[in-house]
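Q: Protein chains in written order, with our numbering: chain B, 1295 to 1542; chain C, 29 to 237; chain Z, 35 to 256.
Just so it is clear, CB atoms sit at the ideal spot from N, CA and C, and this is done for glycine as well.
Submitted below is the structure of interest, expressed as structure tokens.
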Amino acid sequence: MWKWLHPYAKPERAYHLCHRLQPYLWWPGVLALLTGCIWGLAFAPQDYQQGDSFRIIYIHVPSAILSMSTYVAMAGAALVGIVWQWRTAFMAMIAMAPVGAVVTFIALFTGAAWGKPMWGTWWVWDARLTSELILMFLYLGVIALYGAFEDKQQAGKAAGVMALVGVVNIPVIHYSVEWWNTLHQGATISKFDKPSIAPEMLWPLLIALLGLALFIAAVSVMRMKNEIIRREYHRPWVKALAASSVGD
Amino acid sequence: MAGLKADNLTCIKRDRVLFSKLSFLLAPGTLLHLRGPNGAGKTSLLRILTGLSSAQSGTIYIDDEPFHDARERFYQQLIYIGHKAGVNGALTALENLKFWCAQHNSVFEVDRSFAILAKLGLVGLEDVPVRMLSAGQQRRVALARLWLKQATYWILDEPFTALDVGGINILEQHMKIHVSNGGAIMTTSHQPLTDAAGPFTELYLEYNI
Amino acid sequence: MSALYKGIFKRDIALAFRQRSELAQPLMFLLMVITLFPLGIGPGPVILQKIGPGVIWIAAILSSLLAMDRMFRDDFWDGSLEQYMLSGQPLWAVTAVKVAVHWLVSFIPLAVFSPLLALFLNLTMEMYVALMLSLLLGTPLLSLVGAIAVGLTVGLQRGGVLLALLLIPVFIPLLIFATSAVDSAALQLPYRAQLAIIGAMLLVAMATAPLAIAYALRVSQN
């Protein structure tokens, strides 16, 4: 089953795959993200309770959802790298890490900004915000560990182990924080008490979600290309590639 | 073929090819002296041979069996003494040897250990924490393993470091006896081996840029 | 089995007794951090009782982080780790024994000291029992999961702060469940559920952590 993927364990093949994928991720991603945001921020109807301030969900919700998914994808790459010993899997992992961290930051920032009109304060120890903050710490840990090693092959494996420890922990953290939040009354305003949402609000949200997902994938693929080139710069195929692009 | 066989080993460290397609045989009854300038990959090669790190490509065979299958058996027949001596500074020489023997499932006899430490010039220092000893004396404690455990393969990384002339001589003689009894030794050292070490073959690693 | 017992277990116990001051320091740190809280917040017995469980657990996590790299640091730098790897004993078993010894020599002194902590923070008897049970189940979890990160950072020259950065977020669920167990005890409520969750996490860690530690040490060794 894994046979057909195996050639992409070679950096050169992986590079070319990334190169081919990139436009298919990049343009639809940007397009969907713009459509979703403009539709959501300008044209979708107002919320009857929160007025216009609810519109931040078109940024906040996609980034919150995808910050978790990106971490899981990163851990998946780490698992592939550890089990099948693919060097490129670790490159994919570390390509995703800072992207995921930034998306997590966006989710935190927009969450806090949303909190201001809703709760009258920038920060509330709300369950979701808290787990998002811990997720951010997990991302930073992986990135810091990767940066601490000189030998990047070693760094990839080490950061991969930490990413796996983190991903095992994410559900535990999520539920423990939620549970902690219900225990300590006072800060239990949950943002999504009513999951029902009008379709004219839902569509732009889904489009923005898809757009951000593609955008994250596109940026990760770009970063992975860079990572491959940086690690393989002395190989003949990179030199040939550089020579051909100078010729263009 | 009996012995430790390296087949087409390639090692890349930090994007530099240390050696590629290296093949040789370490047969019982031989002493292989690994030489080469600093950074040529001598330590890396020895660590690959012990299985502490893995080569980029190539295989190692123990008596014609792939390393992976023969690992357990090989480790029973291996003594490796690396750059780092593997002796704990807070424990005494005797304790270090005792625990090491227990880990390696080899018999530890107190009297024999005293005799070996005495032979190595450590009389009266058996019960002193190793941290208090000089560098050469610490190295001697590590080398005492070569007398304690019965093993065919010795892989020694710079065993003569910090040893004085007397220490070098004792070790070389012991190596000679081991080889004549059918042991196989692979060692590195910056100074040439003397006649006391007996006959040996040389393997030279170039420094590749 | 006897190789692990005679070669690793007894060795580490002997080493621990030889380095008693290293064992005492994290404990003194724990005691001093806990002393800071009444001084910083005020000595009111009600508020102390309220923050007590959290304070003890946070201090316990911090002090265990300080002591954690003892587990493999010396072995890594003096080359003993290489000798374990070449001893023919499975590395995961060696690490499991080492973690167990580390936990024993750090938990027993903590258990001896704990009545003092309970007294300082005005804990009731029920709270103290719950605290001890949560420590009994929670501290081996700290050692097991911590050992993975120690294995990863042991080769780095300055891994100390990094170790804390990696581990603190991972320990958050433990902190939540453990303090909540003690809080429940304070209200005379049952706290078996919290202990059961900590126990479950401990079992998962016992099953998987030794393999992860062994892998981490191999990565560091390379």
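Express the C-alpha separation of ARG63(C) and ILE1467(B) in angstroms, rounding to a whole number.
A: Here residue 1467(B) refers to the residue found at position 173 of the first sequence. Here residue 63(C) refers to the residue found at position 35 of the second sequence. Distance between ILE1467(B) and ARG63(C), taken at the CA atoms: about 54 Å.
Q: Out of SER148(Z), GLY185(Z), VAL184(Z), point me to the one whose CA is closest to SER168(Z)'s CA.
A: To locate residue 168(Z), count along the third sequence from 1; it is residue 134. It is SER148(Z) whose Cα lies nearest to the Cα of SER168(Z).
Q: Starting from LYS126(C), trace the alpha helix (DSSP H) both ways and give me its first and last residue.
A: Taking the first residue of the second sequence as 1, we reach residue 126(C) at position 98. Taken as a continuous stretch (DSSP letters only), the alpha helix (DSSP H) holding LYS126(C) covers 121-131.
Q: How is GLU1419(B) classed by DSSP in three states: helix, strand or coil?
A: In the first sequence, counting from the first residue as 1, residue 1419(B) sits at position 125. Per the sequence shown, residue 1419(B) should be read as Trp rather than Glu. DSSP places TRP1419(B) in coil when its eight states are reduced to three.
Q: Alpha carbon to alpha carbon, what distance is there between GLY78(Z) and SER1425(B)?
A: Counting from 1 along the first sequence, the entry for residue 1425(B) is found at position 131. Counting from 1 along the third sequence, the entry for residue 78(Z) is found at position 44. Here the C-alpha atom of SER1425(B) lies approximately 32 Å from the C-alpha atom of GLY78(Z).
Q: Under the three-state reduction of DSSP, which class applies to PRO35(C): helix, strand or coil?
A: For the purposes of this step, residue 35(C) is taken as the residue at position 7 of the second sequence. Checking the sequence, you will find Asp at residue 35(C) rather than Pro. For ASP35(C), the secondary structure class from DSSP, reduced to helix, strand or coil, is strand.
Q: So which residues on chain C does ILE42(Z) lean against when the C-beta distance must stay under 9 Å?
A: Start at 1 with the first residue of the third sequence, and residue 42(Z) comes out as number 8. Those within 9 Å of ILE42(Z) in chain C are PHE127, ALA130, GLN131.
Q: Considering Cα atoms alone, identify which of ILE75(Z), GLY172(Z), SER218(Z) is closest to PHE205(Z).
A: Along the third sequence, one-based indexing puts residue 205(Z) at 171. Considering only alpha carbons, the answer is GLY172(Z).
Q: Is LEU37(C) near SER85(C), with beta carbons less than 9 Å apart?
A: As a working note, residue 37(C) is residue 9 in the second sequence. As a working note, residue 85(C) is residue 57 in the second sequence. It is a contact, given that the beta carbons lie within the stated cut-off.
Q: Identify whether ALA230(Z) lies in helix, strand or coil by the three-state DSSP scheme.
A: Locating residue 230(Z) in the third sequence gives position 196, where the first residue counts as 1. In the structure shown, ALA230(Z) sits in a helix (DSSP, three-state: H, G or I).
Q: If you compare alpha carbons, which of MET66(Z), SER114(Z), LYS84(Z) is closest to ALA215(Z)?
A: Within the third sequence, the letter at position 181 stands for residue 215(Z). Checked all of MET66(Z), SER114(Z), LYS84(Z); the closest Cα to ALA215(Z) is LYS84(Z).
Q: I want to know whether the region 1306-1317 of chain B touches the region 1455-1465 of chain B - three or more CB-CB distances under 8 Å.
A: no
Q: Mind the definition here: the region 1371-1387 of chain B touches the region 1403-1422 of chain B only if three or more C-beta pairs lie below 8 Å; say whether that holds.
A: Cβ pair count under 8 Å is below three, so no.
Q: Considering only their Cβ atoms, is the gap separating TYR1342(B) from GLY1394(B) smaller than 9 Å?
A: As a working note, residue 1394(B) is residue 100 in the first sequence. As a working note, residue 1342(B) is residue 48 in the first sequence. No. Outside cutoff.
Q: May I ask you to list the residues that DSSP assigns as paired with ILE61(C)?
A: If you number the second sequence from 1, residue 61(C) lands on position 33. Note on identity: in this sequence residue 61(C) is His, with Ile being the wrong assignment. The partner list for HIS61(C) (beta bridge, DSSP) reads THR215(C), GLU230(C).
Q: Whose C-beta lies closer than 6 Å to the C-beta of GLN201(C) among residues of the same chain, with five residues either side of it excluded?
A: To locate residue 201(C), count along the second sequence from 1; it is residue 173. Around GLN201(C): ALA224.
Q: Which class does ILE247(Z) belong to by DSSP, given the choice of helix, strand or coil?
A: Against the third sequence, residue 247(Z) aligns to sequence position 213. Of the three classes helix, strand and coil, the one that applies to ILE247(Z) here is helix, per DSSP.
Q: Looking at the structure shown, is ILE144(C) part of a helix, part of a strand, or coil, going by DSSP?
A: Sequence index remark: in the second sequence, residue 144(C) carries index 116 (1-based). ILE144(C) falls in the helix class under three-state DSSP.
Q: Could you list which residues in chain B have their beta carbon closer than 8 Å to that of VAL253(Z), in chain order?
A: Against the third sequence, residue 253(Z) aligns to sequence position 219. The contacting residues are GLN1448, LYS1451, ALA1452, VAL1455.
Q: Using the Cα positions of PHE1399(B) and LEU1506(B), report the straight-line distance between them to the nearest angstrom.
A: Position 105 of the first sequence holds residue 1399(B). Position 212 of the first sequence holds residue 1506(B). Going from the Cα of PHE1399(B) to the Cα of LEU1506(B) covers about 14 Å.
Q: Within this structure, are the beta carbons of PHE1509(B) and GLY1323(B) separated by less than 9 Å?
A: On the first sequence, position 215 is the one that residue 1509(B) refers to. On the first sequence, position 29 is the one that residue 1323(B) refers to. Yes, Cβ-Cβ distance for PHE1509(B) and GLY1323(B) is below 9 Å.
Q: With TRP175(C) as the anchor, note down where its alpha helix (DSSP H) starts and where it stops.
A: Taking the first residue of the second sequence as 1, we reach residue 175(C) at position 147. Start and end: 173-176.
Q: Within 10 angstroms of the Cβ of ALA243(Z), are there 16 or more other Cβ atoms? Answer buried if so, exposed if not.
A: Along the third sequence, read from residue 1 onward, the residue named residue 243(Z) stands at position 209. Classification for ALA243(Z): buried.
Q: What residues of chain Z sit near SER1347(B), judged by a beta carbon separation below 7 Å?
A: The count along the first sequence starts at 1 and reaches residue 1347(B) at position 53. In chain order: nothing, as chain Z lies at least about 30 Å away.
Q: Please report the Cβ distance between ILE90(Z) and ILE182(Z), rounded to the nearest whole angstrom; I am assuming they are in contact, meaning their Cβ atoms lie under 8 Å.
A: Your numbering for residue 90(Z) matches position 56 in the third sequence. Your numbering for residue 182(Z) matches position 148 in the third sequence. Actually they are not in contact, since the Cβ atoms of ILE90(Z) and ILE182(Z) sit about 24 Å apart, beyond 8 Å.
Q: Let me know the secondary structure DSSP gives THR1398(B) once reduced to three states.
A: Taking the first sequence and counting its residues from 1, the one referred to as residue 1398(B) is at position 104. Reduced to three states, the DSSP call for THR1398(B) is helix.
Q: What residues in its chain sit with their C-beta under 7 Å from that of GLN166(C), if we drop five residues either side in the sequence?
A: What you label residue 166(C) is simply residue 138 of the second sequence in a count that begins at 1. Close CB contacts of GLN166(C) within its chain, under the 7 Å cut and outside five residues either way in sequence, are with ALA113, VAL115, VAL158 (chain order).
Q: At a Cβ threshold of 9 Å, is GLU160(Z) touching chain C?
A: Stepping through the third sequence from its first residue, residue 160(Z) is reached at position 126. With 9 Å as the cut-off, GLU160(Z) does not count as an interface residue toward chain C.
Q: Along the chain, where does the beta strand (DSSP E) containing GLY180(Z) start, and where does it finish?
A: Here residue 180(Z) refers to the residue found at position 146 when the third sequence is read from its first residue. Element bounds for GLY180(Z): not the beta strand (DSSP E) but the alpha helix (DSSP H), 159-187.
Q: Quick one: which chain C residues come within Cβ less than 7 Å of MET62(Z)?
A: Along the third sequence, one-based indexing puts residue 62(Z) at 28. Neighbours of MET62(Z) on chain C: none; closest Cβ ~20 Å, over 7 Å.
Q: Do you know offhand how far MET35(Z)'s Cα is from ARG168(C)'s?
A: In the third sequence, residue 35(Z) corresponds to position 1, counting from 1. In the second sequence, residue 168(C) corresponds to position 140, counting from 1. The alpha-carbon separation between MET35(Z) and ARG168(C) amounts to approximately 29 Å.
Q: Please compile the residues from chain B whose C-beta is within a distance smaller than 9 Å of the C-beta of VAL80(Z).
A: The residue given as residue 80(Z) occupies position 46 in the third sequence. Chain B residues near VAL80(Z): none, gap ~17 Å exceeds 9 Å.
Q: Pick from THR1404(B), THR1382(B), MET1390(B): whose alpha carbon is nearest that of GLU1526(B)?
A: Locating residue 1526(B) in the first sequence gives position 232, counting from the first residue. Checked all of THR1404(B), THR1382(B), MET1390(B); the closest Cα to GLU1526(B) is THR1382(B).
Q: Drop a sphere of 10 angstroms on the beta-carbon of TYR176(C), count the other beta-carbons inside from all chains shown, and report buried for 16 or more, exposed for fewer.
A: Here residue 176(C) is taken as the residue at index 148 of the second sequence, counted from 1. The sequence shown places Leu at residue 176(C), rather than the Tyr named in the question. Under this definition LEU176(C) is a buried residue.
Q: List, from N- to C-terminal side, the alpha helix (DSSP H) runs of 4 residues or more that fit wholly inside the region 55-102 of chain C.
A: The alpha helix (DSSP H) runs lying completely inside the region 55-102 of chain C and spanning 4 residues or more are 70-78, given in chain order.
Q: Quickly, what does DSSP pair ILE107(C) with across the bridge? List them, please.
A: Taking the second sequence and counting its residues from 1, the one referred to as residue 107(C) is at position 79. TRP182(C).
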